[in-house]
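Its first residue numbered 660, the sequence shown is counted upward by one per residue in this note's numbering. For each residue, glycine too, the CB sits at the ideal point set by N, CA and C. First comes the structure, then the notes that go with it.
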Amino acid sequence: MTTNRSIKIVICEPSSIIRSGLAVTIKRLPGYRIMTIELSTPELLLNSIQSYEPDMVIINPVYNTTKIFDKIKKETSKKKIPIVAIINGSYDKTLILRYDAIIELYETAEQLQLKLNNLFFNQNTEEIEDETETLSIREKEILKLLVKGLTNREIASSLFLSTHTVITHRRNIARKLGIHSTAGLTIYAILNKYVDINDLNP
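Here it is, written out as structure tokens:
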């Protein structure tokens, strides 16, 4: 996907290293002309949304508990601005319900670009296909058990498979989805309704 449109993205993150690193990565994505604004507090973010009207907001969910976050959500909803959480480490699984997407720090540039495509253009290309159809029935079964916290051995016992077979399926799942972390797979499984968020271990 290429576009001549300039995309304005605001990044709100307390760590200057993470903030600047993400900005550099986003600006290097092919097919986009991206301008970024880097902010360190939710107060500055709210002012930026009201005056700058960005196309997308990326924010550290550490600000979820602040009173001003509700105002930020109200502004982004009113202006139809996608709001994305940037995840660094463990997180509350209910987190995804408050955001349009989640970015994990170790994601590749290619994965990040696919998410931008989905958010801005909602494309149905070969690169961005209906992920609910990419997994086999067996892979979906394994994914459900995996995100519920079962080990490879426990999954194998539950499905009457060898541990080696389970490991092979897990590799195929990660390859097909381009998701290599349990946290990322959990998000995928919830969004695609393979599991209910209330069934997961806290």
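Output yes or no for whether 8 angstroms exceeds the beta carbon distance between residue i and residue j.
i	j	result
K730	I742	no
I696	V721	no
L859	T841	no
T793	K835	yes
F779	I856	no
My guess is that residue i and residue j are in contact by the Cβ rule of under 8 angstroms, so how many angstroms apart are they, rounded?
i	j	result
L681	I745	7 angstroms
L705	E672	So it is not a contact: roughly 15 angstroms between Cβ atoms.
A833	L802	About 10 angstroms separates the two Cβ atoms, so there is no contact after all.
A760	K774	5 angstroms
Taking the alpha helix (DSSP H) that residue i belongs to, which residues open and close that run?
i	result
E734	K726 to K738
E798	I796 to V806
V825	T822 to L836
V872	The structure shown has nothing for residue 872, since the chain only spans 660 to 861.
Can you tell me whether residue i is buried or exposed, with buried defined as 16 or more other CB within 10 angstroms of its CB?
i	result
Q709	exposed
H828	buried
G690	exposed
N776	buried
V716	buried
L756	exposed
L698	buried
G843	buried
If you draw a straight line from the C-alpha of residue i to the C-alpha of residue j, how long is it?
i	j	result
I685	L805	31 angstroms
E800	M694	42 angstroms
R678	S707	16 angstroms
K852	R692	34 angstroms
S675	E712	22 angstroms
N831	I762	22 angstroms
I838	T810	18 angstroms
S817	V854	17 angstroms
L771	E702	26 angstroms
V683	K739	25 angstroms
R812	E798	15 angstroms
T724	D714	24 angstroms
From what residue to what residue does the beta strand (DSSP E) around residue i run?
i	result
I670	S665 to C671
T695	R692 to L698
E763	A760 to E763
V743	I742 to I746
I717	M715 to I718
Answer with yes or no whether the minimum CB distance from residue i to chain C is below 8 angstroms.
i	result
V743	Annotation note: the requested chain C is absent from the structure, which comprises a single protein chain.
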